[in-house]
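For what it's worth, our numbering labels the leading residue of the sequence shown as 1465, then goes sequentially. Every residue, glycine too, gets a C-beta built ideally from N, C-alpha and C.
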Amino acid sequence: MTKNQKFDVEKTIGVALHQSSYLFKTAMRSVFQEQGVDITPEELVTLGILPKGDIDQSELVIRLRKDKTNVTRLLSRMEGKGWIRRATHAQSGRQLTVSITPSGQDIARQLFPLIQKMASGALQGIDDADIETTRRTLIKLANNLVD
C-alpha cells in the first residue's frame, strides 16, 4: 500500500510482514521437526549471534530486538538445553556474559545449512537486488519503530 491508496488492511506492509514471518517460521519449525531438534527460530537466531564471541546479555537484548524479560527467559531455556553458558562479567561483577557451548555449536552447524536451503527455496525467483532492497527496507522500518 502506498501513502495515497485507500486503506485495505490486506494490502498493508504489516499484514505482509506478519504473513511472511509466520510462514517462514513455520517452515523453519518443519526443518527442526524433521531433524528431531527441540528448538525455536528465536533460539537458532541466538545461536547464530553467539559464535562471534562472548556477548553481554544487555547487548543481546539490543541485537535480538526483544525486551530484557523475554531474552532472560530465552537464555534460561537455552542454558537448560546445554546450548549456552552465562557467567558474571569479569570486570563489572554484575553484568552477565553469554557464550555458546560445544553442544550449541553442534546444533547450529546441523541446522544452519538446512535453514539456508529452505530460505533459498523461499527466495526462488526473487532477484538478489530485490532481496537486498527488502532487507535494507525492513531494517529501516524496524529502526523507525524503535526511534
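By DSSP's assignment, residue 1540 forms no beta bridge with any residue.
Contact between the stretch 1487-1495 and the stretch 1565-1582 is present: three or more C-beta pairs spanning the two stretches fall below 8 Å. Counting along the chain, the unbroken alpha helix (DSSP H) around residue 1603 starts and ends at 1592-1610.
A distance below 7 Å between beta-carbons, with the five flanking residues on each side excluded, links residue 1516 to no residue of its chain. Here DSSP, grouped into helix, strand and coil, assigns residue 1518 to coil. Annotated three-state conformation of residue 1552 is strand, per DSSP. Taken through DSSP and simplified to helix, strand or coil, residue 1504 comes out as coil. Between residue 1586 and residue 1512 the beta-carbon gap is near 17 Å, outside 8 Å, which marks them as no contact. Under the criterion of beta carbons closer than 8 Å, residue 1553 and residue 1520 qualify as touching, at roughly 7 Å.
If you draw a straight line from the Cα of residue 1544 to the Cα of residue 1550, it comes to about 11 Å.
Per DSSP, the continuous alpha helix (DSSP H) segment holding residue 1487 begins and ends at 1477-1499. Contact annotation, residue 1510 with residue 1538: C-beta distance approximately 7 Å; criterion of less than 8 Å satisfied.
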